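Chemist: Position one of the sequence shown corresponds to residue 80 (this note's numbering), numbered consecutively onward. Positions of the beta carbon are idealized from the N, C-alpha and C atoms, including for glycine. If you're wondering where the values come from, they're calculated on a predicted model, not measured in any experiment.
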Amino acid sequence: MKPSTISELLSQEITLHEVEVKGWVRTFRANRFIALNDGSSLQNIQCVVDFENTDEQTLKRITTGAAVHIKGELTESQGKGQSVEIQVKSIVILGDSDPETYPIQPKKHSFEFLREQAHLRTRTNTFSAVMRLRSALSFAIHQYFNTNGFHYVHTPIITGSDAEGAGEMFRVTNLDAKQPPLNEQGEVDFSKDFFGRETNLTVSGQLEAETYAMSLGKVYTFGPTFRAENSNTSRHLSEFWMIEPEVAFMDLAGNMDLAEDFMKSVINYILQNNAADLEFLDQRLQDEDKKKPQAERNEMTLLEKLRFVVDNNFKRVSYTEAIDILRNSKPNKKKKFNYLIEEWGADLQSEHERFLVEKHFKCPVILFDYPANIKAFYMRLNEDGKTVRAMDILFPGIGEIVGGAQREERLEVLKQKMAVLDIDEKELWWYLDLRKYGTAVHSGFGLGFERLVMFATGMTNIRDVIPFPRTPQNAEF
Ligand code: 4AD
Ligand code: MG
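(1) Out of G517, A455, I149, which one is the CA nearest neighbour of D471?
(2) Could you tell me which residues DSSP pairs with T304 in its beta bridges?
(3) Tell me whether D331 counts as near the ligand 4AD, meaning its Cβ is closer than 7 Å to at least one heavy atom of that ligand.
(4) Quick one, are the C-beta atoms of F528 and I349 less than 8 Å apart?
(5) Count the other C-beta atoms from every protein chain shown that fall within 10 angstroms of the C-beta of F319, then say buried if there are 16 or more, exposed otherwise.
(6) Could you check where the beta strand (DSSP E) with V127 kicks off and where it finishes?
(7) Just mark F341 as buried or exposed, buried being the case when its beta carbon has 16 or more other beta carbons within 10 Å.
(8) Between Q552 and the ligand 4AD, is the CB less than 7 Å from at least one heavy atom?
(9) Helix, strand or coil, according to DSSP, for T518 in the structure here?
(10) Restricting to runs no shorter than 3 residues, where is the beta strand (DSSP E) found entirely within the region 461-492?
(11) Residues around the ligand MG, please: the ones whose beta-carbon is closer than 7 Å to some heavy atom of it, in chain order.
(12) Quick check: the region 419-430 against the region 400-407, are there 3 or more CB pairs under 8 Å?
(13) Note down the Cα distance separating R530 from R276, rounded to an integer number of angstroms.
(14) With a 10 Å radius around its C-beta and 16 neighbouring C-beta atoms as the bar for buried, classify Q157 as buried or exposed.
(15) Could you check whether the Cβ of G525 sits closer than 7 Å to any heavy atom belonging to the ligand 4AD?
(16) Restricting to Cα atoms, I'd like to know which of D241, N540, Y449, S83 is closest to S189.
(17) Mind reading off the beta-carbon distance from P324 to F447? Whole number of angstroms is fine, and I expect it under 8 Å.
(18) Terminal residues of the continuous beta strand (DSSP E) containing D368?
(19) Once the 5 residues before and after Q122 are set aside, which same chain residues still bring their CB inside 6 Å of it?
(20) Tell me, which residues are paired with M458 by DSSP?
(21) Could you tell me the alpha carbon to alpha carbon distance between E358 and L382, rounded to whole angstroms?
(22) Would you check whether the ligand 4AD has a heavy atom nearer than 7 Å to the C-beta of H607?
(23) Mind checking which residues open and close the alpha helix (DSSP H) that includes E287?
(24) Measuring CB to CB, does R376 end up less than 8 Å from M335?
(25) Pick from S397, N110, A114: whose alpha carbon is nearest that of T137?
(26) According to DSSP, simplified to helix, strand and coil, what is I346?
(27) Exposed or buried, what is A288 when buried is set at 16 or more other beta-carbons lying within 10 Å of its beta-carbon?
(28) Go to T528, then tell me how far its alpha helix (DSSP H) extends in each direction, as first and last residue.
(29) Give a yes or no on contact between the region 427-434 and the region 462-470, applying the rule of three or more CB pairs nearer than 8 Å.
(30) What residues in its chain sit with their C-beta under 6 Å from that of S86, if we drop five residues either side in the sequence?
(31) Comparing alpha-carbon positions, which option in L261, A197, F556, P546 lies nearest P303?
(32) Buried or exposed: S169, going by 16 or more other Cβ atoms within 10 Å of its Cβ?
(33) Would the region 210-221 and the region 257-273 be scored as touching if the rule is three or more Cβ pairs under 8 Å?
(34) Label Y457 either buried or exposed according to how many other C-beta atoms from any shown protein chain fall within 10 Å of its C-beta, with 16 as the threshold for buried.
(35) If the criterion is Cβ atoms closer than 8 Å, does the pair V444 and L473 meet it?
(36) So is R250 buried or exposed if we call it buried at 16+ other beta carbons inside 10 Å?
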């Protein structure tokens with residue numbers, strides 16, 4: 080007989096047959112009832128031990144955290160809380176646990192504590208639900224692009240270019256840190272480095288994805304990206320995953336349509352396919368909410384929020400309109416913002432983004448046509464000469480979740496922009512080639528995967544939606 084997963088067993092109608100399962104003991108009570116979980120779903124299966132016919136030594140070894148192999152009969156449950164249970168006929172302890180030191184006790188642990196136990200935290204309901212949803216979203220993303228004619232491109236992790244021009248990169252080198260080779264000016268001579276040049280971990284796969292869009296038409300990358308920005312916030316990671324579609328012959332309006340349809344589709348996927356995990360997280364948040372004062376409670380439950388996004392249009396607002404709204408807003412007039420909005424051209428901080436989404440529009444917002452000088456070099460300059468065809472999507476509780484743009488396809492305009500920003504044409508000769516040979520309007524965007532997982536699960540710290548978070552001063556595991 081092949082062992083079944085608990086999820087398979089619980090979806091079966093037929094009882095009264097021999098079954099076999101392997102999993103980890105969540106609890107063992109009254110020397111009789113094991114709550115067994117194997118990660119296949121949120122649900123445990125109750126295994127009833129015949130303690131009179133089980134030796135004392137084995138009974139003692141059935142402890143929280145132990146791995147066990149159980150054979151028995153699936154029967155209708157006598158007790159409350161489950162429809163079926165296993166009457167255990169044989170139990171083998173595969174791996175003992177130590178109930179004294181096992182960190183995941185059957186009680187509530189704080190997320191801070193569990194972050195320090197990231198190798199074991201997926202043995203809790205909350206983290207197993209979050210990580211199953213992460214996996215489901217990842218599948219939904221590939222499925223969306225696959226069914227819409229996109230090709231998946233693996234863009235490089237090690238690159239020589241800084242796509243975002245923010246200079247927040249991790250260097251990749253095998254030079255001797257103590258005694259690097261120096262050039263005549265006394266600077267580190269990277270021509271002696273492994274790749275014969277300075278290289279870094281990528282901050283974005285966009286520039287390489289553009290080259291594929293300009294031949295395969297519709298492409299996307301989905302991979303890890305790295306940023307050495309020293310921001311210790313609940314929404315920043317040093318290593319995060321990004322989804323970046325890039326489409327030839329598509330303008331900014333098409334880019335917004337694509338992003339909105341895509342976001343709705345992947346959220347709808349989990350609503351259809353991951354109801355049990357979502358309902359558990361929804362309930363968890365409602366319980367948390369009950370402990371808060373009325374004013375701080377969420378206006379919508381998690382499931383309501385997800386359905387709201389799927390069922391409503393995202394509000395499209397130009398940067399200029401947004402600045403007018405912010406300038407005249409209460410928190411601006413009463414000097415409640417940390418950064419007051421005084422004039423056109425100001426960069427928006429997350430407090431402003433969240434005001435627009437959560438207080439003013441109360442729905443996801445797509446902001447577009449930003450001032451050129453607060454955005455990256457590759458964005459298409461508008462006819463006004465001062466704004467670019469950028470778009471950011473802002474989500475409630477998250478702020479910026481997507482950043483994208485129509486790309487500058489005109490060689491001369493792009494070269495001028497690079498000159499102003501001191502970006503070496505020689506470094507990006509291949510990027511400029513796209514504008515020399517068959518250039519065309521094209522657009523794309525980047526979705527921060529962890530920010531999507533935060534939104535979908537209601538988790539409020541980005542460290543809790545990636546298995547092993549990397550943040551400043553922290554790369555444990
Ligand atoms: O807005 P960003 O910097 O855009 C780009 O990198 C473009 N090259 C994307 C493109 O057009 N192909 O980053 C895109 C998204 C952000 O909106 C945010 O969701 C996420 O990536 N992001 C981060 N997520 C976690 N930690 C960080 N440090 C992040 N920085 C950006
Ligand atoms: Mg951005």
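Modeler: Looking at the coordinates:
(1) A455
(2) F319
(3) Going by the sequence as given, residue 331 is Leu instead of Asp. Result no, Cβ not under 7 Å from the ligand 4AD.
(4) no
(5) buried
(6) 124-127 is the extent of the beta strand (DSSP E) around V127.
(7) buried
(8) no
(9) coil
(10) 466-474, 478-485
(11) D471, E479, G482
(12) yes
(13) 33 Å
(14) The residue is exposed, with fewer than 16 neighbouring Cβ atoms inside 10 Å.
(15) yes
(16) N540
(17) So it is not a contact: roughly 17 Å between Cβ atoms.
(18) The continuous stretches of beta strand (DSSP E) do not include D368, which lies in the alpha helix (DSSP H) extending over residues 354-369.
(19) Hits under 6 Å: L89.
(20) Beta-bridge pairing links M458 to R486.
(21) 7 Å
(22) Past the edges of the chain, shown from 80 to 556, lies residue 607, and the structure says nothing about it.
(23) 285-295
(24) no
(25) For T137, the nearest C-alpha among the options comes from N110.
(26) helix
(27) buried
(28) Here residue 528 turns out to be Phe, not Thr, going by the sequence shown. Looking at the DSSP string, the run of the alpha helix (DSSP H) that includes F528 is 528-536.
(29) no
(30) Around S86, the same chain offers S119, S120 as residues with beta carbons nearer than 6 Å, after the five sequence neighbours per side are excluded.
(31) P546
(32) exposed
(33) The count of Cβ pairs closer than 8 Å, one atom from the region 210-221 and one from the region 257-273, stays below three, leaving the stretches out of contact.
(34) Buried is the call here.
(35) yes
(36) exposed
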